[in-house]
Each structure stands twice: as structure tokens, then as C-alpha cells.
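K.L.:
Residue numbers (our numbering), protein chains in the order written: chain R, 472 to 1007; chain L, 103 to 437.
Below is the structure:
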């Protein structure tokens, strides 16, 4: 048989290419952008798990709060709470018993009624799984079913902040739990499926691709005509891709946008950029246990060396100065803390001289890899310290490596692990000053201790400890607030951490998306999906 | 032949043992604490971390952990991911096919484009088409994949609107029923033209971008192998006998140059599997590269080891297959 000539081969190749192009060209057209009742979100991070009792608290507050609900949630004013699955509550005089009246007519997505027994079942589950909200729920000693619509929580010890922690204790359907308990209290099932009472439920989850939610037909609030029918949370981890998709209308909300892209996005009439301050704060932590930072004069000098105007310029104007060790909004109406450490290099120089800090002293700064904001502020700080004759060496590492190094140093004081400065972000995960002041500055929360939390800097002041211990236990909200304020001021005077920046949530949405809201107590990138709609 | 295959497979066992030990040491040398990740990350209290450490067996001596791990692995149990909380075998079954599909398409593109380009370059050595081809090779090897990916998205998605920006299938479509995990093959098996077309459209851009480096390697290998063969006496004889040039090149020269070209193409599959992570990130392709990076960032030791052990096994097996194929094609190869 005669073999095909080169020109015949060429035509065959072209024919194959044409078929391929035709087939791919016949592909389903890109989904109709801006389908009215479908919301598309470019996610910040893929949730590791959909189980509200076995996931990171960030995922719980951000994504799962649209699927599962707690008894109560917080409001802007400290000590005031939003009824959710509970409509009212009373607290016993000794602060050891909380009695909740439950909302009538609430059903989980699988049709199961919500009642007091469901609360007890959920409590048992959290105490067995020991993950997620365990630290918050552990405060509860027992759950009593008074009647179907009334549940009593007995706590181990009184705490003014107890109610604020209940926002993390979310309810799953006991029916789904019993049917799928297996040998791991249902963790395998709830990892990838949902059975909550929230407005939405998970329809499907293609890992690495999309988490798709649909309406929960049993949701107790009912639905408005303009509520979304479907919400696709797409895993797109590249900021440039999210931006392109947003501008093309393929996604409605982009959660990863570079700050450099904002000016152009603000000029785009099809995009809205909403900037909301919230109570998260960025700090420059100063290791108070390591010379020369163990000298208060040196720490004050460093505080005077922070040039916030320069930093704000680099951040394109989006960098309000942080209040103090804790955000002012958490410490009561009208409370403010005056900045006692304005940028003043002369004053800094004087303090350093008094403390006997020699020229060309070198400090070590731990810099988190991949976090441009933390790197930027550490660089600004390094520049100013350079003007004071202080050299700053950078040690770049991932956050887990930094955490480990700081913990090991805290326990061993190994000179090989020395560090002086660390940029640190604290979120308002719990709406109580406790989460800032106690977790970061109580002597018992130093990293190496069994009760260690986020006291990286090795700070310990008995007077502050006493104030915070009392504030934790008192049931008198006004008294507790006064104690937290006093602790806040004492810590500020000791300057174990320079308060740098109050966080600004930057939401980038298509212009036709309505209902977006954000609160001071929200954690980064939180979305209230039930409130969102699309303008006609 | 059978003896050869048996020897290679036996050697594979020792390779895997060494690999598992190396990965175990490397995984545990990574900074961070997987117990903390399992317990809930930065928010977890010291007590929760301690409990998670006990549950995961991370409080035992390293040697004990390794032996237990080895025992479970040979039974097909790679453990549970601390991030996804799923069995790692299930994770790999979900993520590996995506990478295999992408790299297979990339190798196919690289082969289909690279081999003819290499032939063209060899046959027209010294001429303009040879110089242009070599420029293409240089471009392919030099351009960073992540840059190429972003430019491709900008041009083909944002400007021309021809191809999608990422994902494996239109996000409003559910994937085809799982048979192979290849969306293209599974759509074909299900007789679903719509999903097939969507899967193909989503595959084109990332596969082309990923193929850029391999294309250059394959083309260069083809060029140099063909040039070597075209200088042989029998080729001179064939030309002297008056055979058409196409016949000389395709029937005589190329066939003898095929073995090293084939080996290169085959090995590119393994190389690309390991190098697909950047392309997967740019194109939001939920493959094993993304899974592995996630595991590293989250100190997910079990997932990291499961990935490494499985990938090493597949790569080693691929090498065996390529060697056997080469031997079958050219029995003169000494084994």
C-alpha cells in the first residue's frame, strides 16, 4: 500500500485539529454571568472540614456560620447578645447556671426538630471529639433538659465572658449524628456533609474546586424573594485570577485581592470596594524576656520609633492606628486610650542612651513568609531603627516554624533561638477583652506553659494578672469592664507590644450585589450570605 | 525479558523502602506541629493539642511511629490527613487523576508538537526554520511556567474570551460519574458530549502551558537524535538509491531514533507530575501538586508521606515501564 504523502498527512493533521476545535468550541458556554439567583465567591481559603465541632475557628465563623447556628451570637456592644436558636435567657445569681428559652419551630435541614435534647446531644459530641469549640464548651459542666423548649447550662465557675463564647457552639442535627456516628462520633460524615439549621446547606463539595450551597428549605427565618438560591464558593487561590474573574463577572465576590489592585478596581464602575474597620489588630511584639528589650526604657524607645505615617502611605492610606493592647470598642462606650508614644526619634534616642544601649546593637525580627503586610511593617520598623543605630536581622519562616521557635525559646531560652521582634495579628474571635488581654499578656499564657496561649513576649505583671483573673470571674459587667480597662492601661504602660494597626476588611464585590455588611466583631472575610442579594 | 522485568520490580521494593524512610525523616524535620493543625490550628489550646498528639500517635518514639506506619502502608492504609480529616487513600484517589489527566495531556501536546518541530529542525538544519525552531525551544525552557500561565489567562480568557481561566469543568456542571477520574474519559464513557466539551476546554490552556518545557526537551532530543542517525551510512545509501526524502526520514531514520525520543517522552510524564504544582495553582486545577503543597504548609505529615510514597512508586514504576518498552522496541539494548 502506498504510504501517504507529506501533503496528505498535513491534511489529516489539519482535519484532526479542526475536529478538536469544533468539539471544544461546542463546549457548554461559560455559565451565564450574573445569573440572578446564583452567587459566586472566590474563596480566601478552602475549609479543611465542614464539621462545626472539628474545624478551625476561622472556618467556623466565616463559612460554617451560614450553615450552622448557635444559641446566641454577639452584638457590637460588649455584653449584649443576639438571640439565634435561643430567644431569651437568665443567669443565676451565682453565675453558675444559664437557662435558655429555645426558639419554637426551628428545624434542621433534614427536618429534625431543634429542642433541648439536641443541645445536650451536641454538648456530648463536642466533649467527646475535643476539637474545634472544645475550649469554649468545656466551661459547661452539664446540660439539663428542663423541657423541650428550655435548656439549662451549668458551668464550672462563673465568668462574665461565658455568653460571648457560645457563638462558637453550633448545633448539628441529632438525627444525622445518630445515623452516622460510626466509631468517630460522626466526624467522617460531618467532615463533608452538613445538617444544620442555618439558611444554607451544602449541596456538593468538590475538593480543591467548589463548595456549593443551596437553601435550607426548613430555615426558620424563611426566605425573601431576593435571597440567593445557590452559592458557589470557588477555590481560586491566586489573587490575579480572582481579580480577572471578578472583572469578567464570573465571580461576584473576590476574597483575595492584592492591595495594589485596589485603585484600578475602585475606578471600575462594575465593582464596589467596601472598606470596614473591625476589631482585629496588628502588633509588633517585643520580647520582654530578652535583653535589651527586658528594659522598659528600650521598649518605650522602640514604640517612639514606629513611623505610622510612613507605613500608612505604603498601605495606600488603609491603616488606621491601633488603639492599645485591646481595641477600644471592646472596653466600653466612649473609652479611648491616648497614644502615649508618638513618633519621635529624638525621644527614642534619649531613652536608648539612658538604658545604655550601644550603637550597632543587633535585634532579630521573625518575619512570616507569605504575609506581605507583616513583612512591610517590619521593614518600615527596621528602617527607623536603622536611624537609631540599631540593626535588625530578619529571620523568615512560615508561621508554624515561628510559633515553634518562639515556644521553644520561651521554654528553654536557647540563645540560638533568640528573637526580639515579631509582627502579630490578633483577631476578635471572641467578643470579649479576654481574647486580647488575657491570651496575649497573662503570665499563665506564656507559650511554654501548659495553659500557654499567645503570650509570645514572656510578659508577666502580677497586678495585671490579678485584675484579669478578677475580671474573668465577676458577673458584674460594669465592674469587669473597669478591671479590663485598668489592665489594658497597665499593659500599655509596660509596652510589651507596640499596637500598630487596626484591621480594615476590604470587600471587593460586583456593583449589583446588595446587603453586604461587616461588624467590628467579625473575623476576616466573614460573609452573611442570608443578607446578600442581587439588584435587579 | 521476564527476568528483566522481575529484577526491576524486585529493585522497586528496596527503592520504596528507602524512599519511605527518607520521607519520614524529612516530614518530621519540617518545622511546625501537625498535632496543632489537627487540633484546630492557632486557636487550639495546649490541652487540645496534647489530646490530638496522643490520638495521632505523635507522642511515641520516632522509630515506633515509622514501624507502625510501614506496617499500615503495606496493607494499603496511608493514614488520615490532619487537614482534610479523610483517609489519605481517598484523597489521592480524588486528586491524582486530575494531575494525571493534566500531565498526560501536556505530554501529548509536547509530543505532538515537539517531535515534528524537532524533525523539522533536524531536516532543515542551518536554515531559517531550524533557527526559528530553536528559538521556540529556548523560549519553552526559559519562560517560567507561572508567568506563562498568567499571560495565557490574560490573553485567552480576559482579552479573547476563548478559553476558561481555571478549574476542570464549568463550575455549574457536576463532574461526570467517576470511573477513571479523568473528566474527559469519564464524560466519554458516560456519552455526555456537553461535559466532554467543557472538560476539554478547561484542559487546553493548562496543558499547553505545562507542556512548554517538555516540548522544548522533546524537540531538542528529537533534533539531536535524528541528526545523529541522518549521518549514518545506511541513510546515505538510501538517499543514493533515490528514495524520497520523506521516506528516508520517517521510515528509516526516525524509526532508529525513536527509542531515546520515546524514553524522553515517557520520562517527561513523571517529571511533569512532579512539576505540575505551579500550573495547578495558577489554573485552580485540584491535583496532587496542590494537595502536596497544602500538606507541606500545614505540616500534614501523613498526607505528605502518603503523597511522596505513592508518587515515588508511580515514578519508579513508570521508569520500569519505559525501560521495558525501550527493550521491546529495540532488543539490541543490553539489559
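The beta carbon of each residue, even a glycine, is placed where N, CA and C say it ideally should be.
For clarity, every value in this text was computed on a predicted model and none was experimentally measured.
Where does residue 972 (chain R) sit, in a helix, a strand or coil, going by DSSP?
P.N.:
Here the question's residue 972 (chain R) lines up with position 501 in the first chain. Strand, per DSSP.
K.L.:
What whole-angstrom Cβ distance do residue 667 (chain R) and residue 532 (chain R) have, given they're in contact under 8 Å?
P.N.:
Translated into the one-based positions of the first chain, residue 667 (chain R) becomes position 196. Translated into the one-based positions of the first chain, residue 532 (chain R) becomes position 61. Between residue 532 (chain R) and residue 667 (chain R) the Cβ distance is about 14 Å, and since that is not below 8 Å, they are no contact.
K.L.:
Residue 505 (chain R) to residue 723 (chain R), Cα distance in whole Å?
P.N.:
Mapped onto the first chain, residue 505 (chain R) falls at position 34. Mapped onto the first chain, residue 723 (chain R) falls at position 252. The predicted position of residue 505 (chain R) is uncertain, since its pLDDT is 47 and thus under 50; a value taken from the coordinates is nonetheless stated next. Distance between the alpha carbons of residue 505 (chain R) and residue 723 (chain R): 8 Å.
K.L.:
Does residue 941 (chain R) have its Cβ less than 7 Å from a Cβ in chain L?
P.N.:
As a first step, residue 941 (chain R) must be located in the first chain, where it is residue number 470. No, no contact with chain L.
K.L.:
What are the boundary residues of the alpha helix (DSSP H) that includes residue 171 (chain L)?
P.N.:
Taking the second chain and counting its residues from 1, one reaches residue 171 (chain L) at position 69. Element bounds for residue 171 (chain L): 164-176.
K.L.:
If you draw a straight line from the C-alpha of residue 917 (chain R) to the C-alpha of residue 906 (chain R), how long is it?
P.N.:
Sequence index remark: in the first chain, residue 917 (chain R) carries index 446 (1-based). Sequence index remark: in the first chain, residue 906 (chain R) carries index 435 (1-based). Approximately 14 Å, taken between the alpha carbons.
K.L.:
First and last residue of the alpha helix (DSSP H) that includes residue 336 (chain L)?
P.N.:
Your numbering for residue 336 (chain L) matches position 234 in the second chain. Start and end: 335-342.
K.L.:
Label residue 741 (chain R) either buried or exposed according to how many other C-beta atoms from any shown protein chain fall within 10 Å of its C-beta, with 16 as the threshold for buried.
P.N.:
Indexing the first chain from 1 puts residue 741 (chain R) at position 270. Exposed is the call here.
K.L.:
Whose C-beta lies closer than 6 Å to the C-beta of residue 284 (chain L) among residues of the same chain, with five residues either side of it excluded?
P.N.:
If you number the second chain from 1, residue 284 (chain L) lands on position 182. So the qualifying residues of the chain are 199 and 203.
K.L.:
At a CB-CB cut-off below 8 Å, which residues of chain R make contact with residue 375 (chain L)?
P.N.:
Within the second chain, residue 375 (chain L) is the residue found at index 273, counting from 1. Within chain R, no residue comes near residue 375 (chain L); the closest Cβ sits about 16 Å away, beyond 8 Å.
K.L.:
Restricting to Cα atoms, I'd like to know which of R:542, R:645, R:571 and R:879 is closest to residue 584 (chain R).
P.N.:
Within the first chain, numbered from 1, the residue matching residue 584 (chain R) stands at position 113. Considering only alpha carbons, the answer is R:645.
K.L.:
Alpha carbon to alpha carbon, how far is residue 556 (chain R) from residue 789 (chain R)? Give it in angstroms, no decimals.
P.N.:
Counting from 1 along the first chain, the entry for residue 789 (chain R) is found at position 318. Counting from 1 along the first chain, the entry for residue 556 (chain R) is found at position 85. Approximately 37 Å, taken between the alpha carbons.
K.L.:
Is the Cβ of residue 774 (chain R) closer than 7 Å to any Cβ of chain L?
P.N.:
One-based indexing of the first chain puts residue 774 (chain R) at position 303. Judged by the 7 Å Cβ criterion, residue 774 (chain R) is not in contact with chain L.
K.L.:
Closest Cβ-Cβ distance between residue 142 (chain L) and chain R: below 7 Å?
P.N.:
Counting from 1 along the second chain, the entry for residue 142 (chain L) is found at position 40. Yes, its Cβ sits closer than 7 Å to a Cβ of chain R.
K.L.:
Should the region 364-382 of chain L be regarded as contacting the region 420-432 of chain L, the criterion being three or more beta carbon pairs within less than 8 Å?
P.N.:
Cβ pair count under 8 Å is three or more, so yes.
K.L.:
Pairing CB atoms from the region 134-154 of chain L with CB atoms from the region 388-405 of chain L, are three or more of them under 8 Å?
P.N.:
With the cut-off at 8 Å, the region 134-154 of chain L and the region 388-405 of chain L touch.
K.L.:
The alpha helix (DSSP H) that contains residue 381 (chain L), what's its start and end?
P.N.:
Within the second chain, the letter at position 279 stands for residue 381 (chain L). Residue 381 (chain L) -> alpha helix (DSSP H) spans 379-384.
K.L.:
Note down the Cα distance separating residue 508 (chain R) from residue 273 (chain L), rounded to an integer number of angstroms.
P.N.:
Residue mapping note: residue 508 (chain R) aligns to position 37 of the first chain, counting from 1. Residue mapping note: residue 273 (chain L) aligns to position 171 of the second chain, counting from 1. About 15 Å.
K.L.:
Counting only C-beta atoms, is residue 602 (chain R) closer than 7 Å to chain L at any point?
P.N.:
On the first chain, residue 602 (chain R) is found 131 positions in, with the first residue counted as 1. Residue 602 (chain R) counts as touching chain L.
K.L.:
Between residue 776 (chain R) and residue 849 (chain R), what straight-line distance do the alpha-carbon atoms span, to the nearest angstrom?
P.N.:
Here residue 776 (chain R) is taken as the residue at index 305 of the first chain, counted from 1. Here residue 849 (chain R) is taken as the residue at index 378 of the first chain, counted from 1. Whole-angstrom Cα-Cα distance: 12 Å.
K.L.:
Ignoring anything shorter than 3 residues, give me the beta strand (DSSP E) runs that lie fully in the region 604-630 of chain R, in order along the chain.
P.N.:
The qualifying runs are 611-618 and 621-626.
K.L.:
Of all the CB atoms in chain R, is at least one closer than 7 Å to the CB of residue 150 (chain L)?
P.N.:
In the second chain, residue 150 (chain L) corresponds to position 48, counting from 1. Yes, residue 150 (chain L) counts as interfacial toward chain R.
K.L.:
Would you say residue 54 (chain L) faces chain R, with C-beta separation under 7 Å as the test?
P.N.:
Residue 54 (chain L) lies beyond the residue range present for chain L, which begins at 103 and ends at 437; the question has no answer from this structure.
K.L.:
Quick one: what's residue 752 (chain R) bridged to in DSSP?
P.N.:
On the first chain, residue 752 (chain R) is found 281 positions in, with the first residue counted as 1. DSSP, once it has assigned bridges, lists R:897 and R:973 as partnering residue 752 (chain R).
K.L.:
Kindly list the residues whose CB is nearer than 7 Å to the CB of residue 766 (chain R), restricted to its own chain and excluding five residues on each side of it in sequence; keep chain order.
P.N.:
Position 295 of the first chain, counted from the start, is the residue given in the question as residue 766 (chain R). Cβ within range, chain order: 826.
K.L.:
Give the interface partners of residue 185 (chain L) over in chain R, defined as CB-CB distance under 8 Å, in chain order.
P.N.:
For the purposes of this step, residue 185 (chain L) is taken as residue 83 along the second chain, with counting starting at 1. Neighbours of residue 185 (chain L) on chain R, chain order: 519.
K.L.:
Can you look up residue 501 (chain R) in the DSSP assignment and give me helix, strand or coil?
P.N.:
The sequence position of residue 501 (chain R) within the first chain is 30, counting from 1. Here residue 501 (chain R) scores only 42 on pLDDT, less than 50, and its place in the model is too uncertain to base an answer on.
K.L.:
What does residue 134 (chain L) touch in chain R if you count any residue whose Cβ is under 8 Å from its own?
P.N.:
In the second chain, counting from the first residue as 1, residue 134 (chain L) sits at position 32. Near residue 134 (chain L) (Cβ distances below 8 Å), the residues of chain R are 869, 871, 872, 874 and 875.
K.L.:
Buried or exposed for residue 47 (chain L), please, with buried defined as at least 16 other CB atoms from any protein chain shown within 10 angstroms of its CB.
P.N.:
This structure gives no information on residue 47 (chain L), because the portion of chain L shown stretches from 103 to 437.
K.L.:
For the region 521-534 of chain R, enumerate the residues whose C-beta is nearer than 8 Å to any C-beta of chain L, in chain order.
P.N.:
For the region 521-534 of chain R, which is checked against every Cβ of chain L, the residues closer than 8 Å are 522, 525, 526, 527, 528 and 529.
K.L.:
Excluding sequence positions up to five away, which residues of its chain have a Cβ less than 6 Å from the Cβ of residue 208 (chain L)?
P.N.:
Numbered from its first residue, the second chain carries residue 208 (chain L) at position 106. Correct list, in chain order: 309, 312, 313 and 374.
K.L.:
Who are the near neighbours of residue 574 (chain R) in its chain, counting only those whose CB is closer than 6 Å to its CB and skipping five residues on each side?
P.N.:
As a first step, residue 574 (chain R) is located in the first chain; it is residue number 103 there, counting from the start. If we look at residue 574 (chain R) and ignore the five residues flanking it on each side, its Cβ neighbours are 556 and 558.
K.L.:
Where does residue 741 (chain R) sit, in a helix, a strand or coil, going by DSSP?
P.N.:
Locating residue 741 (chain R) in the first chain gives position 270, where the first residue counts as 1. DSSP places residue 741 (chain R) in coil when its eight states are reduced to three.
K.L.:
Please state the DSSP three-state secondary structure of residue 905 (chain R).
P.N.:
One-based indexing of the first chain puts residue 905 (chain R) at position 434. In the structure shown, residue 905 (chain R) sits in a helix (DSSP, three-state: H, G or I).
K.L.:
How close, in whole Å, do the beta carbons of residue 327 (chain L) and residue 363 (chain L) come, if the pair is a contact with beta carbons under 8 Å?
P.N.:
Locating residue 327 (chain L) in the second chain gives position 225, counting from the first residue. Locating residue 363 (chain L) in the second chain gives position 261, counting from the first residue. The pair is a contact, with the Cβ atoms about 6 Å apart (cut-off 8 Å).
K.L.:
Under 7 Å, CB to CB, which of the residues in the region 703-717 of chain R have a partner in chain L?
P.N.:
For the region 703-717 of chain R, which is checked against every Cβ of chain L, the residues closer than 7 Å are 703, 705, 706, 707, 708, 709, 711, 712, 715 and 716.
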